[in-house]
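A short worksheet on the structure shown next.
Number of protein chains: 2
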Amino acid sequence: MATIRDVAKLAGVSVATVSRVLNNNGNVHKSTKEVVQAAITTLNYRPNEIARTLYKKNSRLLGLIIPDITNPFFTELARAIEDTAHRYGYTMVLCNTDEILEKEQHYMEVLKQRQADGCLMITNEKATFLDEELGIPIVALDRPIHSHIPFIQADHYQGGKIAAQTLLQKGSTQLVHIRGPKYLDSAEARYQGFLDVVEKEKISYHIFESSFQPRNDEFLINNIFERFPEIDGVFAANDVIAVSVLKTALHRGISVPEDLQIIGYDGILFGQLFYPSITTVAQPIYQLGKQAVQMLINLIEKKETEQKICRLPVQLVERDTTRKE
Amino acid sequence: MATIRDVAKLAGVSVATVSRVLNNNGNVHKSTKEVVQAAITTLNYRPNEIARTLYKKNSRLLGLIIPDITNPFFTELARAIEDTAHRYGYTMVLCNTDEILEKEQHYMEVLKQRQADGCLMITNEKATFLDEELGIPIVALDRPIHSHIPFIQADHYQGGKIAAQTLLQKGSTQLVHIRGPKYLDSAEARYQGFLDVVEKEKISYHIFESSFQPRNDEFLINNIFERFPEIDGVFAANDVIAVSVLKTALHRGISVPEDLQIIGYDGILFGQLFYPSITTVAQPIYQLGKQAVQMLINLIEKKETEQKICRLPVQLVERDTTRKE
DNA sequence: TTGTAGGCGTTATCAC
DNA sequence: GTGATAACGCCTACAA
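Keeping their order, the protein sequence lines are chains A and B. Residue numbering for the first sequence follows full-length UniProt numbering, starting at 1 and increasing by one per position. Residue numbering for the second sequence follows full-length UniProt numbering, starting at 1 and increasing by one per position.
What follows is the structure in structure tokens.
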């Protein structure tokens, strides 16, 4: 790899001059500029980003710390984030933590050592990641960390309400909500939204808690159908659970949506591949990722964000696990 | 952030000594070592990876260049790769190209400028990425690039055979293979495997080509059922297509697997969530990713790989879109 | 065993 | 307008 020195030598100028044309700052005569550019071209020179980072202390490197890229919600988020980061000239490092604190901490160390400019984070470890001890700007995605760490999330409370309202409106009367784990703020909000609707409407309902681990859900769902054969509407806390409910119901000979309506949550792409396709409360996944990156870059470059909290609207996507009219 | 100089000052030694205890090379007296370590601890010092890279010219950074993380096969691959890279002390940068040459080239530039040690690549641009012009070691994953670029792939020819044999063995007599695009080596191999079996057995069959774009497949599949209502076995070139076939069949009132057997390909996790769950020829996805990283690291650290080509076996996963016995 | 000093490839501050 | 040169934080001859 050619260095700036090689270019300088070939162009017959000093490295300072080369640097000036590279960064387009300082004054340099038009003719010498051309000579330098010619040298750059013939040597196929590209500035060494590492050396630049060392001096300027910004790396244009962003970390994405998530539980598991294999979870389709995170997959789509990651795509949006990488797209956006790339568009702004940043490079994205992917980190899977499996929600293990040690891994999260380790990745934070790695990112810091690599002088990453910032980090997007999905974690439950609220206490551990406070702004000051980090040393690098972070934005919390979907799961809040701390009141002074900028945070972006879909409006899950509203999502829960929409799900419940839709089920009722389309004729279900015996509802079940399979909610996510209690320690998840987002699961709690969906649950609250659901609850506020069914309580107000004085509807019969049951609540169950999923671990968000597909393997364990099968047993839970079978159990629900066993104990409460009369239920005719399920709001699942995410699309994967919704799909499991669908599968179990079909397996038991229950017609969907005639005898049982199902609403999922997230709006992952896969939902439409099922038969019947999954009605869902869709998060604006791409938007979430995109805005998260923009918030983070704002934080990095302008050293401040306008709003510490950003909440995006969800949207009902009616497909075939709910009745038409 | 504390620097090595701060540590040296606090410990009352020179930076060289600190460096020696950091890297555990050179001789340093036990007592001074302890003093240095104490200083490191109190300052919470971590060596700056950027400075290290600049000097040593290896960054422990790996690039993963893939078409789209949103494709579930790539998602699971990425997880395996990140896991493995991390285990070996490498950091993984994710790059989505959408199979656009300009993006691929741009990411290669970025990786080079960041002094990435190597790169895993899934691309169709065979001609473009020859070893020499790259400057960094690469390993081709699933899609070959060039005979002298190390390459790892599942045994797709065998996979195609297995799919065809299974369908026949379980009683299908009118087969369809929805194959992947012609420019994909891996699609071609599956097709050949399928072909060799049905030709040898003198079975009636039809071949159709999918673009691997879910949106376009729906029309194709409906068309197939329309024109050839007699078919009773489908081998889809990947699980997503298989799922679309399933959906369309169910929609048309065709019983699966009684009237129509379906076999997918890849073995993505999602396949088991469908009802009926998808029988598939599973690639050893995690293994593929893991070994790809190991090959790459070998290339980086030992400057050579034993075998330029690595082919891993596939495995039939019998689920519910094929008949029992 | 330990310290000094030069260099990795840039950028920026001075002079000229 | 241009050129030395001192950083950035680290590592490693080479000396001592």
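Beta carbons: idealized from backbone N, C-alpha and C, even for Gly. All values derive from a computational prediction rather than experimental measurement.
Query	Result
Contact check, I254(B) vs L260(B), beta carbons under 8 Å	yes
Simplified DSSP state of G135(A), which is helix, strand or coil	coil
Listed by chain order, chain B residues near F212(A) by CB distance under 8 Å	Correct list: empty, because the minimum Cβ distance to chain B is about 14 Å.
Candidates F194(B), M295(B) and S147(B): closest to I263(B) by CA position	F194(B)
DSSP bridge partner residues for H206(A) (one or two, in chain order)	V176(A)
Span of the beta strand (DSSP E), counted from its first residue to its last, around I263(A)	Q261 to D266
Whether A249(A) touches I178(A) by CB criterion (8 Å)	no
Beta-carbon separation (whole angstroms), F208(B) vs V176(B), contact threshold 8 Å	7 Å
N-terminal and C-terminal residue of the alpha helix (DSSP H) that G289(A) is part of	I285 to E301
M92(B) - DSSP class collapsed to helix/strand/coil	strand
Euclidean distance between Cα positions of R46(B) and I136(A)	14 Å
Alpha-carbon spacing of R114(A) relative to R52(A), whole angstroms	13 Å
Cα-Cα separation between T42(B) and A2(B), rounded to whole angstroms	10 Å
Inter-residue Cα distance where the pair is G171(B) and L184(B)	30 Å
Among P67(A), K308(A), P284(A) and Y55(A), nearest to I100(A) - alpha-carbon criterion	P67(A)
Whether P313(A) touches Q158(A) by CB criterion (8 Å)	yes
Members of the UniProt domain "HTH lacI-type" (2–56) of chain B near chain A, C-beta cut-off 8 Å	R46, P47, N48, E49, I50, A51, T53 and L54
Cβ contact (3+ pairs, closer than 8 Å) linking the region 195–207 of chain A and the region 149–165 of chain A	yes
V28(A) (DSSP reduced to helix, strand or coil)	coil
Coarse secondary structure for F194(A), derived from DSSP in three states	helix
Exposed unless 16 or more other CB atoms sit within 10 angstroms - verdict on Q153(B)	buried
Cα-Cα separation between H156(A) and Q287(A), rounded to whole angstroms	15 Å
Proximity test, Cβ basis, 8 Å: V243(B) and chain A	yes
Cβ neighbour criterion (16 or more within 10 Å) applied to R215(A)	exposed
Anticipated Cβ contact below 8 Å, I4(A) with V15(A), distance rounded	5 Å
Same chain, Cβ closer than 6 Å to S204(A), five either side skipped, listed in chain order	Q174
Run of the beta strand (DSSP E) containing R311(B), from where it starts to where it stops	I309 to L312
Proximity test, Cβ basis, 8 Å: D142(B) and chain A	no
Pick from C119(A), E230(A) and N48(A) that is closest to N23(A), judged by C-alpha positions	N48(A)
Which listed residue (E304(A), T322(A) and Q291(A)) has its alpha carbon closest to that of V281(A)	T322(A)
V110(A) and T91(B) closer than 8 Å at C-beta	yes
Nearest-angstrom Cα separation, counted from M108(A) out to L94(B)	17 Å
Cutoff 8 Å: A78(A) Cβ touching any chain B Cβ	yes
F212(B) - DSSP class collapsed to helix/strand/coil	coil
Per-residue DSSP class, three states only, for L250(B)	helix
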